[in-house]
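S.K.: Each residue of the sequence shown is one higher than the one before, starting from 1 at the first, in UniProt numbering. What follows is a structure written as structure tokens; I'll ask about it next.
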Amino acid sequence: MYGTKKFGEASVKLDQADLEHEAVYFTIDIYDNGDHDLDGIYTRGKVTLNSQGNIATMTVGNVTPEVLRELADELEAKIAALVKTFPAKRAFEGQV
């Protein structure tokens, strides 16, 4: 083992609306523990809120692409289920 080293990070601004002086970021730091194999790669997630000059950060454990895909799939499925409950759009105004 050669020592843990930060390899990089992936980050996204969660609230894409341009709110003045406010933002929420989800960042995942990627580390290699020095073993130079797949078992030696781990991540550490952070949720950061920047609000009016104040910053609060919460650390989340090992976040994997599989966990994020599962979350995205669930979100898409729930939105699709909600859309199915909408009444059908009518071709002409006034027909409901």
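Note that the Cβ used here is the ideal one computed from N, Cα and C, for glycine as well.
Quick one: complete beta strand (DSSP E) runs, 3+ long, within the stretch 47–73?
M.R.: List check, beta strand (DSSP E) in window: 54–60.
S.K.: Just verifying my parser: in three-state terms, what is the DSSP assignment at Lys-84?
M.R.: Against the sequence shown, residue 84 aligns to sequence position 84. Helix.
S.K.: Check Gly-45 in the structure and name its three-state DSSP category.
M.R.: Here residue 45 refers to the residue found at position 45 of the sequence shown. Strand, per DSSP.
S.K.: Less than 8 Å between the C-beta atoms of Asp-32 and Gly-40, yes or no?
M.R.: As a first step, residue 32 must be located in the sequence shown, where it is residue number 32. As a first step, residue 40 must be located in the sequence shown, where it is residue number 40. Yes, Cβ-Cβ distance for Asp-32 and Gly-40 is below 8 Å.
S.K.: By DSSP, does Ala-23 sit in helix, in strand, or in coil?
M.R.: Translated into positions along the sequence shown, residue 23 becomes position 23. DSSP places Ala-23 in strand when its eight states are reduced to three.
S.K.: What is the rounded straight-line gap between the Cα of Thr-57 and the Cα of Lys-46?
M.R.: Within the sequence shown, the letter at position 57 stands for residue 57. Within the sequence shown, the letter at position 46 stands for residue 46. When rounded, the distance between both Cα atoms is 6 Å.
S.K.: Once the 5 residues before and after Ile-55 are set aside, which same chain residues still bring their CB inside 8 Å of it?
M.R.: As a first step, residue 55 must be located in the sequence shown, where it is residue number 55. Thr-48 and Leu-49, listed in sequence order.
S.K.: Could you say which of Gly-8, Gln-52 and Gly-34 lies nearest to Val-24 if we only look at CA atoms?
M.R.: As a working note, residue 24 is residue 24 in the sequence shown. Taking only the C-alpha atoms, the option nearest Val-24 is Gln-52.
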